[in-house]
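S.K.: I am attaching a structure below and will ask some questions about it afterwards.
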Ligand SMILES: [Cu+2]
């Protein structure tokens, strides 16, 4: 992963950046890496380590984004999803992102085209709404929303919800059509610096409909409430 | 290296025959005072030939060793003392690894002497010397700073004091430069990048759940919801007062931190002239000297009719001269708190260097009001809200106070409107119909009274780069500004307002403006993008003026920040309602959601910079103003 960033993505970004804008120092080329979640989730079995992050590079209105969402148990990926997107500001608070998503785990891997609306909704909700279109007519929708409540200037309580909906059954990867799963989190972080905040929290997930049936058939949990400890960081 | 004849801290003392040595002795005393100062005041250079050398200087303002950008090894740069009517030559040598430049802020001079790379000249390359030479045809307090990169933030700023040719209308016995600035240990490029990545990075005064709870207890759920509803709906923050704050800044007075403090010594019975200069990169200061009335005698170097105040706000790049008459047996604190109250710079005026005065607490932290969004109708609603909250003097009543203060501004406005019936009619029209898509077609109103043109938001203002537009901007002339609005009621302080300023001398150019240019200050706070009319400098056409023409510029602030707007090379003559005594300024504060008008006589050919003087706004919020020989149609 690291090598992929270093040797493929960054040089490509730099090349692209210098081509698009020459001069104009009000809008410098910037790179931001962010770990939204790097956390240990406490379960009955082996504790998974979840990693959710993104790297963007570019200018005020045009950026390239890489998103990673993964879960590892015992050093093996149970879930690994990568997205590479071109992001363009379309209104003061919203960006339109198009690109590709690749699910490496669970196997077999799946490829999707992505269209995402990402931004800040009224009342200060961070929102990410994505449409995915895959091979064999597979479709999926994802809605993620996050809110921040300042208990103090540095102690921040952040509820988050994620919904996944699929158009078709895909028994190989364990998803069924319709509302497949809901994840809700509540994390309390302390910003030691803006860039570095340890947190504790709760993460709740539940599968629904066909997905729940598939999970039950596999002997997996349908509902799970986990205590989490983690770090949020950016540069 | 051209050394000065001798430092001159006090012109009057010199004139009356007191030796410069005495002034130096005063300085020496303060240096050996118990609060041993880390370093000497900036040196004073006078005469008409100067060799200035730009280089790196190790400094330590916070306990951390850093490298500053200095002139002749001094931060702030040396005080330059010139004489009106003389021709000065300044040989500036750049010893940095990067291009540099010096801009003489507020000086009226040929455009190739103005020191803006890309407009006036090519800049000064490493190792090169540029010779500036121009006639000094004005007097008063000015300053100079780098116009390259972020060098101004890292220390390249200094005072200019010009002795008048004619007898000074201001009587004083000694004068001091009081140069304010903001220092950060961070690399300014990193500061800018952080703001782009997280625009509230430096704001640690946001409203918390505890504030919400207090509001609900005091005002009830319904009113709390109503008051906050629009802010939340618009994704704006009422606590967004300063982009960069005391979290990273150490505020300096004449290069001294608040811990050490600057010291100015006076003798019993002396009138002391303080030449305040805001050389900060991003910080607006509110200045007061508890126990002393300040008589404001000059603004941006220009003499004004004296106004006695308790407090005044100084925008970045503005200068104000005040005269104080301290009693002989007491020390006073010169207190300059940042507009967002995240810190302060301070000094001491004292008859005896061993005497100090109490350092006052900072005032409450201001919140923006609905009026700061440029919404007249909402300001009316605020009024009701504030009346109830007003009796309460907790931190939170602050917002209520702000609201009512704003409405006082609004009331003043409508009173001004009554004097000129047309204006108020226009204003009412605006509110009724909204103000889109009507271009500026009227012949501009008479000089002195400001704009009566419709507010027009250009199509370029609509896009991801602009997050709001003021729909009904009011005049900011009689509004003391965000965070100062209720100081009269709350503390009994008289605060200077632009509407109080009258030029000491009659207006020189009495012509009415031939045309009016409306320019909108625009931005997107969350993306940290700044522009004029929604167009950043890199994409903009110059604003063209015809040599000799008299034009009105109306600035409409479509953002919620207070922007100090600086026009190089030409005076900005602020229309405060009296055409006979229009004050001349080089930098004008434009309050959030308001409009302000000034007249410009295009009497200097060339290419001039025109920009917001907040360092991290400037790259985008900037234009070239090009003054050309006639032939261009209006
Ligand atoms: Cu600005």
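Residue numbers (this note's numbering), protein chains in the order written: chain W, 133 to 367; chain Z, 1134 to 1767.
All C-beta atoms, glycine included, are put in the ideal place defined by N, C-alpha and C.
1. Looking at C-alpha atoms only, which residue of Z:1368, Z:1760, Z:1338 and Z:1631 is the closest neighbour of residue 1702 of chain Z?
2. Chain Z beta carbons: is any one of them nearer than 9 angstroms to that of residue 279 of chain W?
3. Does the Cβ-Cβ distance between residue 1444 of chain Z and residue 1620 of chain Z come in under 9 angstroms?
4. Given that residue 1662 of chain Z touches chain B, what residues does it touch there, using C-beta distances under 7 angstroms?
5. To the nearest angstrom, report how far apart residue 1677 of chain Z and residue 1758 of chain Z are at their CA atoms.
6. Which partner residues of residue 1640 of chain Z appear in the DSSP bridge assignment?
7. Please state if the CB of residue 1283 of chain Z and the CB of residue 1769 of chain Z are separated by a distance shorter than 9 angstroms.
8. Per DSSP, what kind of secondary structure is residue 1255 of chain Z in: helix, strand or coil?
9. Given a threshold of 16 other Cβ atoms within 10 Å of its Cβ, counted over all protein chains shown, does residue 254 of chain W qualify as buried or as exposed?
10. Mind checking if residue 1657 of chain Z is an interface residue toward chain W, Cβ cutoff 9 angstroms exclusive?
11. Hey, is residue 197 of chain W's beta-carbon within less than 9 angstroms of any beta-carbon in chain Z?
12. May I ask you to verify whether the segment 1318-1333 of chain Z touches the segment 1418-1430 of chain Z, counting CB pairs closer than 8 angstroms and requiring at least 3?
13. Please decide whether residue 1569 of chain Z counts as near chain W, where near means a Cβ-Cβ distance under 9 angstroms.
14. If I measure Cβ to Cβ from residue 1569 of chain Z and keep anything under 6 angstroms in the same chain, skipping five residues before and after, which residues do I get?
15. Under the criterion of a Cβ to heavy atom distance below 8 angstroms, does residue 1741 of chain Z qualify as lining ligand 1?
16. Any heavy atom of ligand 1 closer than 8 angstroms to the Cβ of residue 1472 of chain Z?
17. Is there a Cβ from chain W that is less than 9 angstroms from the Cβ of residue 1271 of chain Z?
18. Do we get a CB-CB distance below 9 angstroms when we pair residue 331 of chain W with the residues of chain Z?
19. Taking 5 angstroms as the limit, tell me which residues put their C-beta closer than that to any heavy atom of ligand 1, in chain order.
20. Listed from N- to C-terminal order along the chain, which residues in the segment 243-256 of chain W have their beta-carbon within a distance smaller than 7 angstroms of any beta-carbon of chain Z?
21. Would you decide whether residue 1576 of chain Z is buried or exposed? Buried here means 16 or more other CB atoms lie within 10 Å of its CB.
22. Along chain Z, in chain order, which residues have C-beta atoms closer than 7 angstroms to that of residue 164 of chain W?
23. Take the Cβ of residue 1460 of chain Z as the centre, count every other Cβ of all protein chains shown within 10 Å, and call the residue buried at 16 or more, exposed below.
24. Please report whether the beta-carbon of residue 1340 of chain Z lies at a distance below 9 angstroms from any beta-carbon of chain W.
25. Note down, in chain order, all residues in the segment 1669-1687 of chain Z with a beta-carbon under 7 angstroms from any beta-carbon belonging to chain W.
26. Can you tell me whether residue 1200 of chain Z is buried or exposed, with buried defined as 16 or more other CB within 10 angstroms of its CB?
27. Does any CB atom of chain Z fall closer than 9 angstroms to the CB of residue 240 of chain W?
28. Roughly how many angstroms separate the alpha carbons of residue 1645 of chain Z and residue 1217 of chain Z, rounded to a whole number?
29. Is the Cβ-Cβ distance between residue 1705 of chain Z and residue 1722 of chain Z less than 9 angstroms?
30. Give me the DSSP bridge partner(s) of residue 1275 of chain Z.
31. Please report the straight-line C-alpha distance between residue 1617 of chain Z and residue 1433 of chain Z, rounded to a whole angstrom.
32. Straight-line CA distance for residue 1357 of chain Z to residue 1187 of chain Z?
33. Taking only beta carbons into account, state which residues of the segment 1596-1623 of chain Z come closer than 9 angstroms to chain W, listed in chain order.
34. When DSSP labels each residue in this structure, what does residue 1400 of chain Z get in the three-state scheme?
35. For residue 1299 of chain Z, which option in Z:1387, Z:1655, Z:1436 and Z:1481 has the closest C-alpha, if you only look at C-alpha atoms?
36. The beta strand (DSSP E) that contains residue 1664 of chain Z, what's its start and end?
M.R.: To lay it out plainly:
1. Here residue 1702 of chain Z corresponds to residue number 569 of the second chain, with the count starting at 1. Of Z:1368, Z:1760, Z:1338 and Z:1631, the residue nearest in Cα terms is Z:1760.
2. As a first step, residue 279 of chain W is located in the first chain; it is residue number 147 there, counting from the start. Output row for residue 279 of chain W: interface = no.
3. Here residue 1444 of chain Z is taken as the residue at index 311 of the second chain, counted from 1. Here residue 1620 of chain Z is taken as the residue at index 487 of the second chain, counted from 1. Contact flag set, yes.
4. No chain B is present in this structure, whose protein chains are W and Z.
5. On the second chain, position 544 is the one that residue 1677 of chain Z refers to. On the second chain, position 625 is the one that residue 1758 of chain Z refers to. When the Cα atoms are used, residue 1677 of chain Z and residue 1758 of chain Z turn out to be separated by approximately 6 angstroms.
6. Taking the first residue of the second chain as position 1, residue 1640 of chain Z is located at position 507. In DSSP, residue 1640 of chain Z forms no bridge with anything.
7. Lying outside 1134 to 1767, the shown extent of chain Z, residue 1769 of chain Z is not represented and no answer is given.
8. Within the second chain, numbered from 1, the residue matching residue 1255 of chain Z stands at position 122. Three-state DSSP puts residue 1255 of chain Z in coil, outside helix and strand.
9. Sequence index remark: in the first chain, residue 254 of chain W carries index 122 (1-based). Residue 254 of chain W is exposed by the Cβ-count criterion.
10. Here the question's residue 1657 of chain Z lines up with position 524 in the second chain. So, interface residue.
11. Counted from its first residue, the first chain places residue 197 of chain W at position 65. Answer no: the Cβ-Cβ gap between residue 197 of chain W and chain Z never drops below 9 angstroms.
12. no
13. Position 436 of the second chain, counted from the first residue, corresponds to residue 1569 of chain Z. Unreliable positioning characterises residue 1569 of chain Z in this predicted model, as indicated by a pLDDT of 33, which lies under 50. The coordinate reading is nonetheless provided below. Not an interface residue.
14. Here residue 1569 of chain Z corresponds to residue number 436 of the second chain, with the count starting at 1. Note that residue 1569 of chain Z scores 33 on pLDDT, short of 50, meaning its location in the model is unreliable; the coordinates nonetheless yield the value given after this. Beyond the five residues adjoining it in sequence on each side, residue 1569 of chain Z comes within less than 6 angstroms, by CB distance, of no other residue in the same chain.
15. Locating residue 1741 of chain Z in the second chain gives position 608, where the first residue counts as 1. Not under cutoff, so the answer is no.
16. Locating residue 1472 of chain Z in the second chain gives position 339, where the first residue counts as 1. Taking 8 angstroms as the cut-off, one finds no heavy atom of ligand 1 near enough to the beta carbon of residue 1472 of chain Z.
17. Mapped onto the second chain, residue 1271 of chain Z falls at position 138. Look at residue 1271 of chain Z: its C-beta is not under 9 angstroms from any C-beta on chain W.
18. Sequence index remark: in the first chain, residue 331 of chain W carries index 199 (1-based). Chain Z has no Cβ within less than 9 angstroms of the Cβ of residue 331 of chain W.
19. The set, ordered by position in the chain, is Z:1696, Z:1745, Z:1747 and Z:1750.
20. Using a CB distance below 7 angstroms, the part of the segment 243-256 of chain W facing chain Z consists of 252, 254, 255 and 256, ordered along the chain.
21. Against the second chain, residue 1576 of chain Z aligns to sequence position 443. Residue 1576 of chain Z should be labelled exposed.
22. Position 32 of the first chain holds residue 164 of chain W. Those within 7 angstroms of residue 164 of chain W in chain Z are 1330.
23. In the second chain, counting from the first residue as 1, residue 1460 of chain Z sits at position 327. Exposed is the call here.
24. Taking the second chain and counting its residues from 1, one reaches residue 1340 of chain Z at position 207. With a threshold of 9 angstroms between beta carbons, residue 1340 of chain Z makes contact with chain W.
25. 1669, 1670 and 1671
26. Against the second chain, residue 1200 of chain Z aligns to sequence position 67. Result: exposed.
27. Taking the first residue of the first chain as position 1, residue 240 of chain W is located at position 108. No, no contact with chain Z.
28. Numbered from 1 along the second chain, position 512 holds the residue referred to as residue 1645 of chain Z. Numbered from 1 along the second chain, position 84 holds the residue referred to as residue 1217 of chain Z. Going by the C-alpha atoms only, they are around 29 angstroms apart.
29. The residue given as residue 1705 of chain Z occupies position 572 in the second chain. The residue given as residue 1722 of chain Z occupies position 589 in the second chain. No, these two residues do not count as a Cβ contact at 9 angstroms.
30. Indexing the second chain from 1 puts residue 1275 of chain Z at position 142. Residue 1275 of chain Z pairs with Z:1293.
31. Numbered from 1 along the second chain, position 484 holds the residue referred to as residue 1617 of chain Z. Numbered from 1 along the second chain, position 300 holds the residue referred to as residue 1433 of chain Z. Rounded to the nearest angstrom, the two C-alpha atoms are 21 angstroms apart.
32. The residue given as residue 1357 of chain Z occupies position 224 in the second chain. The residue given as residue 1187 of chain Z occupies position 54 in the second chain. Roughly 54 angstroms separates the two Cα atoms.
33. 1596, 1597, 1598, 1599, 1600 and 1601
34. Locating residue 1400 of chain Z in the second chain gives position 267, counting from the first residue. Here residue 1400 of chain Z sits in coil by DSSP.
35. Indexing the second chain from 1 puts residue 1299 of chain Z at position 166. For the residues Z:1387, Z:1655, Z:1436 and Z:1481, the minimum Cα distance to residue 1299 of chain Z belongs to Z:1436.
36. Here the question's residue 1664 of chain Z lines up with position 531 in the second chain. 1662-1665 is the span of the beta strand (DSSP E), which, as asked, contains residue 1664 of chain Z.
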